[in-house]
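J.: Listed in order, the protein sequences are those of chains E and S.
For the first sequence, the residue numbers in our numbering are 1 to 339.
For the second sequence, the residue numbers in our numbering are 1 to 117.
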Amino acid sequence: MKNSIQPEVTSLAAPSRARVIAIGGVFPVAVAIVATILMVSWLPELPDPIAIHWSGAGADGFGEAVPFVFAPLVLTAMFSTFAVAWSWKPLPSGKLTWNQKFLQVTSVWFGIGLSVAFTASVALQRGIPDARDAPDVWPSLAIGAAIAFFLAAVAWFLLPASESVTSQGTEPRPIDVQGDERVSWSRSAKLSAAPLLVTGLAVLVALTIVVVTVTVSSNSLVFGAAIVAFVSVLALTNFWWRVSADRRGFIVKGLFGWPRRRIPLDRITEVAVVDIDPTREFGGWGWRWSGDGRSGIILRAGEGIEVTQSNGKRFVVTVDDAKTGAGVLAALLQKHTCH
Amino acid sequence: MLIRIDPASGIALFDQIAGSLRASAIAGTLAVGERLPSARELAASLDINVHTVLRAYQMLRDEGLIELRPGRGAIVTGRIAGDYEALNQAVAKVIDEARKLAISPTALAALIRETYQ
Numbered sequence: 001m002k003n004s005i006q007p008e009v010t011s012l013a014a015p016s017r018a019r020v021i022a023i024g025g026v027f028p029v030a031v032a033i034v035a036t037i038l039m040v041s042w043l044p045e046l047p048d049p050i051a052i053h054w055s056g057a058g059a060d061g062f063g064e065a066v067p068f069v070f071a072p073l074v075l076t077a078m079f080s081t082f083a084v085a086w087s088w089k090p091l092p093s094g095k096l097t098w099n100q101k102f103l104q105v106t107s108v109w110f111g112i113g114l115s116v117a118f119t120a121s122v123a124l125q126r127g128i129p130d131a132r133d134a135p136d137v138w139p140s141l142a143i144g145a146a147i148a149f150f151l152a153a154v155a156w157f158l159l160p161a162s163e164s165v166t167s168q169g170t171e172p173r174p175i176d177v178q179g180d181e182r183v184s185w186s187r188s189a190k191l192s193a194a195p196l197l198v199t200g201l202a203v204l205v206a207l208t209i210v211v212v213t214v215t216v217s218s219n220s221l222v223f224g225a226a227i228v229a230f231v232s233v234l235a236l237t238n239f240w241w242r243v244s245a246d247r248r249g250f251i252v253k254g255l256f257g258w259p260r261r262r263i264p265l266d267r268i269t270e271v272a273v274v275d276i277d278p279t280r281e282f283g284g285w286g287w288r289w290s291g292d293g294r295s296g297i298i299l300r301a302g303e304g305i306e307v308t309q310s311n312g313k314r315f316v317v318t319v320d321d322a323k324t325g326a327g328v329l330a331a332l333l334q335k336h337t338c339h
Numbered sequence: 001m002l003i004r005i006d007p008a009s010g011i012a013l014f015d016q017i018a019g020s021l022r023a024s025a026i027a028g029t030l031a032v033g034e035r036l037p038s039a040r041e042l043a044a045s046l047d048i049n050v051h052t053v054l055r056a057y058q059m060l061r062d063e064g065l066i067e068l069r070p071g072r073g074a075i076v077t078g079r080i081a082g083d084y085e086a087l088n089q090a091v092a093k094v095i096d097e098a099r100k101l102a103i104s105p106t107a108l109a110a111l112i113r114e115t116y117q
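Next up, the structure:
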């Protein structure tokens with residue numbers, strides 16, 4: 001996710017990047033490599049096929065050992081690469097954004113958890129002639145999860161501090177409203193191409209999961225269909241929006257009239273035109289929370305309208321012609337407070 | 001897309017709405033492919049009757065500026081004929097000049113209207 005607005009890496013940021021690579025990248029991959037070596041060395045002692053899935057009653061899914069023992073390494077390498085790439089440019093101060101830090105910690109949690117869980121479930125099957133007799137895997141999974149959580153917490157403290165980025169907005173020029181004149185500004189806003197691609201991928205991944213789970217066991221069909229439906233609806237509702245400013249306040253509505261957010265004029269204390277960098281300030285696109293009392297509907301990089309509510313929370317929407325929209329709100333606010 | 005109506009102006013409301021939309025199209029803030037708010041939505045926004053908005057939309061449809069699709073609302077399909085680049089620049093210049101002289105928008109509008117006739 002390179003962005004032309006992002007500055008080059010400063011001398012303060014370079015050590016942060018090194019720490020990110022070590023903790024979020026090298027560490028989980030190294031653990032996964034050790035786990036893989038261990039599992040490969042056990043291969044001669046394992047039953048064929050091995051148990052790869054357990055339910056309440058014991059092992060109920062079986063498969064070949066070789067792809068199974070390499071799965072944690074492949075998945076960890078992919079996730080860690082993504083996590084490190086995302087944090088390739090820490091803030092100029094050397095700090096990470098909240099999202100960057102969260103992703104590093106998740107990378108540790110994911111890599112360790114996966115390696116421990118897989119290694120434990122393979123270790124249980126050493127010397128067993130038939131995988132159907134494989135002992136219960138749940139205690140090892142619980143231990144794996146606990147270790148992963150612990151190391152993720154340690155990683156949190158070892159990583160550079162996180163800092164939320166907030167761009168400074170500019171005050172709009174109120175548009176001219178005379179006497180009893182009524183004004184209404186509105187504009188449609190669409191998700192830009194990059195996040196659209198990501199959303200498309202998410203739907204594809206959900207579909208793949210469904211196809212795989214359905215082939216493994218047919219009673220997961222309902223569950224799988226629910227995942228796809230959920231992801232699709234989520235994607236669709238985040239795709240197209242209408243942003244309006246009028247006597248009713250600042251309104252943002254999704255494609256089906258839902259989700260809908262309205263901030264009435266009497267709850268708005270300030271309006272500003274802002275320039276948004278989605279990944280740095282909000283960690284992505286869609287309906288986002290930035291962790292510093294700021295939420296927003298972030299559809300692309302660039303101009304947007306930001307309103308500050310009377311409770312101090314700020315709400316941002318990226319939209320074209322933000323200057324006019326914010327100008328309408330500013331004019332209506334002036335009128336509102338005069339009466 | 002900015003719409004302004006003044007119930008006290010003596011000009012029919014649907015005419016004012018259509019005028020605002022035409023002005024947005026000329027200024028370039030209403031591009032081809034842009035979807036207009038539904039008539040009900042715009043009526044609620046301006047606190048007027050939905051039929052007034054529909055009448056404005058029908059007028060713009062007859063002019064070829066928008067297309068009305070049942071259930072899908074109004075979509076901008078055409079451009080108002082002509083090249084407005086020079087006009088937009090001239091308008092910006094006039095407004096700059098008026099701001100320098102602290103002439104109010106009402107006074108400026110009145111000046112243009114009088115000179116125009």
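The beta-carbon is built from N, C-alpha and C at its ideal position, and this holds for glycine as well.
Predicted model only: the values in this text are computed from it and were never measured.
Excluding sequence positions up to five away, which residues of its chain have a Cβ less than 8 Å from the Cβ of L12 of chain E?
T.: P92, S93 and G94
J.: Using a Cβ cut-off of 9 Å, pull out every chain S residue sitting near V328 of chain E, in sequence order please.
T.: Per Cβ cutoff of 9 Å: L2.
J.: In the segment 3–69 of chain E, which residue ranges form an unbroken alpha helix (DSSP H) of at least 4 residues, counting only runs that do not cross its ends?
T.: 13–20 and 27–42
J.: At a CB-CB cut-off below 8 Å, which residues of chain S make contact with T324 of chain E?
T.: L2 and T29
J.: Which residues, taken in chain order from the segment 177–203 of chain E, show a beta carbon closer than 8 Å to some beta carbon of chain S?
T.: V177, Q178, G179, D180, E181, R182, V183, S184, W185, S186, R187 and S188
J.: Going by other Cβ atoms of all chains shown within 10 Å of its Cβ, with 16 needed for buried, is F157 of chain E buried or exposed?
T.: exposed
J.: In the DSSP assignment, find the unbroken alpha helix (DSSP H) run with F157 of chain E in it and report its ends.
T.: W138 to L158
J.: In terms of alpha-carbon separation, which member of E:P259, E:A18, E:S290 and E:T36 lies closest to N99 of chain E?
T.: E:S290
J.: To the nearest angstrom, how far is it from the Cα of L96 of chain E to the Cα of W287 of chain E?
T.: 22 Å
J.: Express the C-alpha separation of I251 of chain E and R261 of chain E in angstroms, rounding to a whole number.
T.: Whole-angstrom Cα-Cα distance: 6 Å.
J.: Taking the DSSP output, what are the residues bridged to Q309 of chain E?
T.: For Q309 of chain E, which the question treats as bridged, DSSP gives the partners E:I268.
J.: Below 8 Å between beta carbons is the criterion; list the residues of the segment 235–264 of chain E that meet it against any residue of chain S, in chain order.
T.: R242, S244, D246, R247 and R248
J.: How far does the beta strand (DSSP E) with V317 of chain E in it extend, from its first residue to its last?
T.: Boundaries of the beta strand (DSSP E) around V317 of chain E: R314 to T318.
J.: Using a Cβ cut-off of 9 Å (strictly closer), state whether E41 of chain S contacts chain E.
T.: Closer than 9 Å to some Cβ of chain E, the Cβ of E41 of chain S qualifies, so yes.
J.: Counting C-beta neighbours from all protein chains within 10 Å, is the total for A245 of chain E 16 or more, i.e. buried, or is it exposed?
T.: buried
J.: Listing by chain order, which chain S residues have their CB less than 9 Å from the CB of D343 of chain E?
T.: Within the shown structure, residues of chain E are numbered from 1 to 339, placing residue 343 of chain E beyond reach of any answer.
J.: Step through the CB atoms of chain S and report whether any lies within less than 9 Å of the CB of I33 of chain E.
T.: no
J.: So, does the CB of L305 of chain E fall closer than 9 Å to a CB anywhere in chain S?
T.: It should be pointed out that residue 305 of chain E corresponds to Ile in this sequence rather than to Leu. Not closer than 9 Å to any Cβ of chain S, the Cβ of I305 of chain E fails to qualify, so no.
J.: Whole-angstrom Cβ separation of G302 of chain E and F282 of chain E, contact assumed at under 8 Å?
T.: Actually they do not touch by this definition, with Cβ atoms about 13 Å apart.
J.: Just curious, the beta strand (DSSP E) that L2 of chain S is in, first and last residue?
T.: In the DSSP assignment, L2 of chain S falls within the beta strand (DSSP E) that extends over L2 to I5.
J.: So the alpha helix (DSSP H) R280 of chain E belongs to, where does it begin and stop?
T.: Premise fails: R280 of chain E is in no alpha helix (DSSP H) and is neither H nor E.
J.: Chain S beta carbons: is any one of them nearer than 9 Å to that of M1 of chain E?
T.: Confidence at M1 of chain E is low in this model, with a pLDDT of 41, below 50, so the placement of that residue is unreliable and no value is reported for it.
J.: Under a CB-based cut-off of 9 Å, is D47 of chain S close to chain E?
T.: yes
J.: Do F82 of chain E and L114 of chain E have their CB atoms nearer than 9 Å?
T.: no
J.: Mind checking M78 of chain E: buried by the 16 CB within 10 Å criterion, or exposed?
T.: M78 of chain E is exposed by the Cβ-count criterion.
J.: From the DSSP secondary-structure annotation, give me the bridge partner or partners of F250 of chain E.
T.: E:A245 and E:I263
J.: Thinking C-beta only, is T318 of chain E closer than 9 Å to I268 of chain E?
T.: no
J.: Does any residue of chain E have a CB that is nearer than 9 Å to the CB of I5 of chain S?
T.: yes
J.: Less than 9 Å between the C-beta atoms of I23 of chain E and L236 of chain E, yes or no?
T.: no
J.: When DSSP labels each residue in this structure, what does M1 of chain E get in the three-state scheme?
T.: Caution is warranted here: a pLDDT of 41 is assigned to M1 of chain E, below 50, making its placement in the model unreliable, and no coordinate value can be reported.
J.: Quick one: any contact between the segment 63–74 of chain S and the segment 30–48 of chain S, if contact means 3 or more CB pairs under 8 Å?
T.: Yes, they touch.
J.: Excluding sequence positions up to five away, which residues of its chain have a Cβ less than 6 Å from the Cβ of V50 of chain S?
T.: Closer than 6 Å at Cβ, skipping near neighbours: A39, R40 and A43.
J.: Kindly indicate which three-state DSSP category L96 of chain E falls into: helix, strand or coil?
T.: strand
J.: Could you name the residues that DSSP lists as bridge partners for W289 of chain E?
T.: E:S295
J.: Just to confirm, are R182 of chain E and I5 of chain S a CB contact at a threshold of 9 Å?
T.: Yes.
J.: Quick one, which residues of the segment 60–85 of chain S are near chain E if we go by CB-CB under 8 Å, in chain order?
T.: none
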